[in-house]
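With full-length UniProt numbering as the guide, the letters of the sequence shown map in order to residues 1 to 142.
Worksheet: the structure to be examined is printed underneath.
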Amino acid sequence: MDSHQRSSIEDIFDSTLNLEETHFNDGYKEGFSDGLASGKEEGRQVGLKRGFETGEELGFYRGCIDVWSSAIRAEPACFSARVQKTINQMDELVRNYPISDPENESVSDVMDSLRLKFRAVCATLNVKLEYDGYPKAADAQF
């Protein structure tokens, strides 16, 4: 076999290998573009859902704080000083929650603190209030 024939056989195999690589690259580019578009929309939907859930939970705590604060205004001695202090701390946490800065690293700490203080007030008052949107301890799976 002369070098010209060997060269043309190699060219055929090169084009076959290049064809596979070309299809792979085209598929990758198409998949990346589609993933980018659908990823943005999916991210937007997840963000809206999480934002709504956070706002709903904050609203629940705001409502509890407002009711408890009204009771304190009507009857200042209705709750112990410790409970009143915890209610004021909850009020401060809700007012200072970084709503317009969802990427703030403190949001989970603030929410955890709110939940803990809420449970403490409820336990001290011996009331069974639960925020329906937050999983109950009995439902948690470990």
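Each residue gets a CB set at the ideal place from its N, CA and C atoms; glycine is no exception.
- Can you round the beta-carbon distance between residue 121 and residue 87 to whole angstroms, since I take them to be within the 8 Å contact cut? Stepping through the sequence shown from its first residue, residue 121 is reached at position 121. Stepping through the sequence shown from its first residue, residue 87 is reached at position 87. Rounded, the Cβ-Cβ distance is 6 Å, consistent with contact.
- Task: Please specify which runs of the alpha helix (DSSP H), each continuous and at least 4 residues long, are wholly inside the stretch 74 to 141, giving them in chain order.
- Result: 81 to 95, 107 to 125
- Query: Cα separation between residue 107 and residue 95?
  - Reply: Taking the first residue of the sequence shown as 1, we reach residue 107 at position 107. Taking the first residue of the sequence shown as 1, we reach residue 95 at position 95. Residue 107 and residue 95: Cα-Cα distance of roughly 13 Å.
- Under a Cβ-count criterion, where at least 16 other Cβ atoms within 10 Å of its own Cβ denotes burial, should residue 116 be classed as buried or exposed? In the sequence shown, residue 116 corresponds to position 116, counting from 1. It is exposed - the Cβ of residue 116 has fewer than 16 other Cβ atoms within 10 Å.
- Query: Given that a residue counts as buried once 16 or more other Cβ atoms are within 10 Å of its Cβ, and exposed if not, what is residue 78?
  - Reply: By 1-based counting over the sequence shown, the position of residue 78 is 78. Burial call: exposed.
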